[in-house]
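Asks: Take a look at the following structure, please.
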Ligand SMILES: Cc1cc2nc3c(=O)[nH]c(=O)nc-3n(C[C@H](O)[C@H](O)[C@H](O)COP(=O)(O)O)c2cc1C
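In our numbering, the protein residues as written are 46 to 177.
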């Protein structure tokens, strides 16, 4: 695979197999990621890999909080501009439409949307979670 193919075949995955990821694979991915550029080369990241029982516990607590009605904590930093303008607002809404219609969820079905949000905190079934 060349770099163009790698870049253009990248996609968001929202349903993983529970198959264990070998430690060597995780280490390989993280050492490749450590080549990422950073301003003034300060490399301002810490990576945490969670698998097995600790991940199961984390997923249980996180999905439990959402189920209890705590959808989001206050964000540590702003991810989206508070008043999003076109074309970004339109893209986000087109994406929402596509995603929820693919999942068969109606716009006004708040509960089903919440269930879909819970999948985020279950790491979409992934057996390893990387926090950067
Ligand atoms: C900063 C950032 C945050 C994201 N957060 C989520 C998320 O919370 N849940 C999710 O399912 N996808 C998330 N995504 C994935 C985007 O929705 C996805 O990359 C976008 O729709 C483009 O689709 P593609 O990655 O399949 O090309 C995030 C992507 C980025 C870059």
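Using N, Cα and C, we set each Cβ at its ideal position, and we do this for glycine too.
As the structure is a prediction and not an experimental result, all values here were calculated from the model.
Considering only their Cβ atoms, is the gap separating residue 171 from residue 61 smaller than 7 Å?
Replies: As a position in the chain shown, residue 61 is number 16, starting the count at 1. As a position in the chain shown, residue 171 is number 126, starting the count at 1. Cβ distance < 7 Å, so residue 61 and residue 171 count as in contact.
Asks: Give me every residue whose Cβ sits closer than 7 Å to any heavy atom of ligand 1, in chain order.
Replies: Those satisfying the condition are, in chain order, 55, 56, 57, 59, 124, 140, 165.
Asks: Please state the DSSP three-state secondary structure of residue 161.
Replies: Indexing the chain shown from 1 puts residue 161 at position 116. Residue 161: helix per DSSP, three-state reduction.
Asks: Assuming residue 100 is part of the beta strand (DSSP E), what are its boundary residues?
Replies: Reading the chain shown from its first residue, position 55 is the one you call residue 100. Looking at the DSSP string, residue 100 is not in any beta strand (DSSP E); the run it does join, the alpha helix (DSSP H), is 97-112.
Asks: Taking only three categories from DSSP, how would you classify residue 140?
Replies: Sequence index remark: in the chain shown, residue 140 carries index 95 (1-based). Residue 140: helix per DSSP, three-state reduction.
Asks: Taking just the CA atoms, how far does residue 111 sit from residue 166?
Replies: Sequence index remark: in the chain shown, residue 166 carries index 121 (1-based). Sequence index remark: in the chain shown, residue 111 carries index 66 (1-based). Roughly 8 Å separates the two Cα atoms.
Asks: Assuming residue 51 is part of the alpha helix (DSSP H), what are its boundary residues?
Replies: Numbered from its first residue, the chain shown carries residue 51 at position 6. Residue 51 -> alpha helix (DSSP H) spans 48-53.
Asks: List the whole-angstrom C-beta distance separating residue 174 from residue 95, where the pair is believed to meet the contact cut-off of C-beta under 8 Å.
Replies: As a position in the chain shown, residue 174 is number 129, starting the count at 1. As a position in the chain shown, residue 95 is number 50, starting the count at 1. With a Cβ gap of about 5 Å, residue 174 and residue 95 count as contacting.
Asks: Kindly list the residues whose CB is nearer than 6 Å to the CB of residue 134, restricted to its own chain and excluding five residues on each side of it in sequence; keep chain order.
Replies: The count along the chain shown starts at 1 and reaches residue 134 at position 89. Here the set comprises nothing.
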